[in-house]
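The block underneath contains the structure these notes are about, expressed in structure tokens.
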Amino acid sequence: MRVVKIGAIASGSGSNFESIVDACEKGILKNKATIKILICNKAEAYCMERAKNHNVPYVLIESDNHQGT
Numbered sequence: 001m002r003v004v005k006i007g008a009i010a011s012g013s014g015s016n017f018e019s020i021v022d023a024c025e026k027g028i029l030k031n032k033a034t035i036k037i038l039i040c041n042k043a044e045a046y047c048m049e050r051a052k053n054h055n056v057p058y059v060l061i062e063s064d065n066h067q068g069t
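UniProt numbering puts the first residue of the sequence shown at 1, with every later residue one more than the last.
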């Protein structure tokens, strides 16, 4: 069976992100999907800490630094 690679977007506490990670690691998505990256737009967002705790790489792209966002 092919494993689906997931990229996630979050800007807050990351509780939904962590639920998806947990499902991939030990829940209904185990051996079916994996989280490959988290993209966040707020430097103070806790979701990046959750990503670190699960060894998921993350990228911070602060929307305040880009016109038109």
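Think of the CB as a built atom: it goes at the ideal place given N, C-alpha and C, for glycine as much as any other residue.
Query, Result
"Which runs of the beta strand (DSSP E) at least 3 residues long sit entirely within the stretch 10-52? Give them in chain order.", "33-40"
"Take T39 and list the residues in its own chain whose beta-carbon comes closer than 6 Å to its own, dropping the five residues that flank it on each side.", "Here the sequence assigns Ile to residue 39, which means Thr is not the residue at that position. So the qualifying residues of the chain are I9, V59."
"Can you round the beta-carbon distance between V56 and I37 to whole angstroms, since I take them to be within the 8 Å contact cut?", "7 Å"
"Excluding sequence positions up to five away, which residues of its chain have a Cβ less than 8 Å from the Cβ of Y46?", "G12, S13, G14"
"With burial defined as no fewer than 16 other Cβ atoms inside 10 Å of the residue's Cβ, what is the status of E44: buried or exposed?", "exposed"
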